[in-house]
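K.L.:
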Amino acid sequence: MPELRTMICLETDGSGGIEVVLPDEGGGEVRLPRTTPEWELILAVETDYSAYCKELRRLRESHPLFEELSDIRETCLQDLTTQARALAETLREIDPVACFTVAAGLDAARRIRDDGSASLLLRSGQRQLLALEEPVRAQVRLRNIFAVTFDGMERATQRERYEKLRSVYPDAVGRHYRMRWTEEADGAPLSDTCSEYVVSSLYELRLLELALYFRQEKRRIARCEYCWSYFVPKTSHATAYCDRAFGGKTCKQLGPNLKRFVGPEQDEALHVCEQLRRRMAARLERYEGALADEQARLFKMDTFQYRDWSELARDARAAYLRRELTTEEFLRRIDVYHELESYDVAAPDAQGKSVFQERIERDVDFDPATAYQTMQVLELGEPEPAWRIETAEEQARRERRGHESLREKYGKE
Ligand SMILES: [Zn+2]
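Here the sequence shown stands for residues 646 to 1058, where the numbers follow my numbering.
What follows is the structure, encoded as structure tokens:
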């Protein structure tokens, strides 16, 4: 069992509030501001670790300790330890709990070093990296838990959200937490509403907060259909949009317009537009990359033609989303080279889960940031099959199959 001084305490009060208490180095404690489980969880999902991750990647990929064939010395590990500590310290502002758990993990990693042999030095270094990765791993899991539990579940009951979570990630619920005996100053006994829990990792703390969240029905977590952020609706009515603002307008103002207009037919038309864009890009790449005598045999697409088409398509798309064009007019306009077979789009069959959602459900550690890599794909069709580079982002998008925020799908140019 981890020592008590590395444990995180969470105290609940009778009104749904929580306080996280961390032991400090001097034997005292640091009490974080009072909050509620739902807001603490939303904050945890949104914490921006990007600068931290960048530094972490730099350590993993270029610190001399991890270089193959390098002569591992004690000073190398000392240098890593110093850098790891400094990196953990950068978390203090954005996430004090993570700062604390990472520091505790680094301490534990340093303690495994005892005989000074190269393999132990290396192992200690690797353990330090693992400790540094903990907040990021916990966030990936929590994001997946949120996607499963709160995405598209605004019309469900709290109970149904819980059951959904339990059926997909049984390990995330039904845990037991150690509760410390607490009593009031006057000796009143422990009550169910005012309790003190003890956990030893950041992820465990998140699961505990999730369990506490599910104990009540008054406040719920919802996902905004426009921006896809999570929020706590103010009333018990089903609420589709949050109050965040983009360009001076809130999601509540921006969302309903798009929502009313776009359906499977529009999705399909936009998809056709995207396919054409890729086709043009592939033609450009082939044409520009070819020798002069080969160019004569290819579909002519130089930088200027490509730019002209892209601008035309962008304007047409914007006009279509403003409802100034019908689907047919939109497709006719972007079909500059007369290659679409028809301007009639059939709405695809009712869509089930996307591949992206299935991946999330299969693996709580699924991380879109690392799961996709840029690769070459063979595009069949016109006029002959051709290889094309598909970026990680495009793959994720394809696997999402339209399961995205309205802002992502239609709001941006
Ligand atoms: Zn929103």
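Backbone N, C-alpha and C fix where the C-beta goes; we use that ideal spot for every residue, glycine too.
Would you say the beta carbon of S955 comes nearer than 7 angstroms to a heavy atom of ligand 1?
P.N.:
Checking every heavy atom of ligand 1 against the Cβ of S955, none is found closer than 7 angstroms.
K.L.:
State the DSSP-derived secondary structure class of F944, mapped to helix, strand or coil.
P.N.:
Three-state result, F944: coil.
K.L.:
Tell me whether R1045 counts as near ligand 1, meaning its Cβ is closer than 7 angstroms to at least one heavy atom of that ligand.
P.N.:
no
K.L.:
Closer than 6 angstroms between the C-beta and any heavy atom of ligand 1: which residues qualify, listed along the chain?
P.N.:
C869, Y871, C872, S874, Y886, C887, R889 and C896
K.L.:
Assign A890 to one of three DSSP states: helix, strand, or coil.
P.N.:
strand
K.L.:
Can you tell me which of the three DSSP states R922 falls into?
P.N.:
helix
K.L.:
Classify S769 as buried or exposed, calling it buried when 16 or more other Cβ atoms lie within 10 Å of its own Cβ.
P.N.:
Around the CB of S769, 16 or more other CB atoms lie within 10 Å, so the residue is classed as buried.
K.L.:
Counting along the chain, where does the beta strand (DSSP E) carrying E1035 start and finish?
P.N.:
A1031 to E1035
K.L.:
Tell me which residues share the same chain as T651 and place their Cβ nearer than 7 angstroms to its Cβ, disregarding the 5 neighbours each side in the sequence.
P.N.:
A749 and S845
K.L.:
Please go through the region 668-700 and give each complete alpha helix (DSSP H) segment of 4 or more residues, from N-terminal end onward.
P.N.:
682-691
K.L.:
At the level of alpha carbons, what is the spacing between T657 and M925?
P.N.:
59 angstroms
K.L.:
Ends of the beta strand (DSSP E) at E841?
P.N.:
E841 to V844
K.L.:
If distances are taken between C-alpha atoms only, which option among R1052, R864, T884 and L929 comes closest to E683?
P.N.:
R864
K.L.:
Just to confirm before moving on: does the CB-CB distance between A783 and L855 stay below 8 angstroms?
P.N.:
no
K.L.:
For L921 and chain D, any beta-carbon pair shorter than 8 angstroms?
P.N.:
This model lacks chain D altogether; it includes just one protein chain.
K.L.:
Hey, how far is the Cα of T884 from the Cα of E870?
P.N.:
9 angstroms
K.L.:
Whose C-alpha, out of E1035, F1011, A1031 and A1014, is nearest the C-alpha of Q1021?
P.N.:
E1035
K.L.:
Starting from the C-beta of E728, find all residues in its chain whose C-beta is less than 8 angstroms away, skip the five residues before and the five after it, and write them out in chain order.
P.N.:
A small correction: the amino acid at residue 728 is Gln; Glu does not occupy that position in the sequence shown. Around Q728: L704 and H708.
K.L.:
Taking only the alpha-carbon atoms, compute the straight-line gap between D960 and E1024 and give it to the nearest angstrom.
P.N.:
26 angstroms
K.L.:
Compare the Cα-Cα distances from R806 to each of G893, L751, F791 and A964 and report the closest residue.
P.N.:
F791
K.L.:
Hey, E779 and V747 are a contact pair by Cβ (cut 8 angstroms); roughly how many whole angstroms apart?
P.N.:
6 angstroms
K.L.:
Who are the near neighbours of Q1002 in its chain, counting only those whose CB is closer than 7 angstroms to its CB and skipping five residues on each side?
P.N.:
H1048
K.L.:
Quick one: give me the first and last residue of the beta strand (DSSP E) that V1022 is part of.
P.N.:
Per DSSP, V1022 belongs to the beta strand (DSSP E) from M1020 to E1024.
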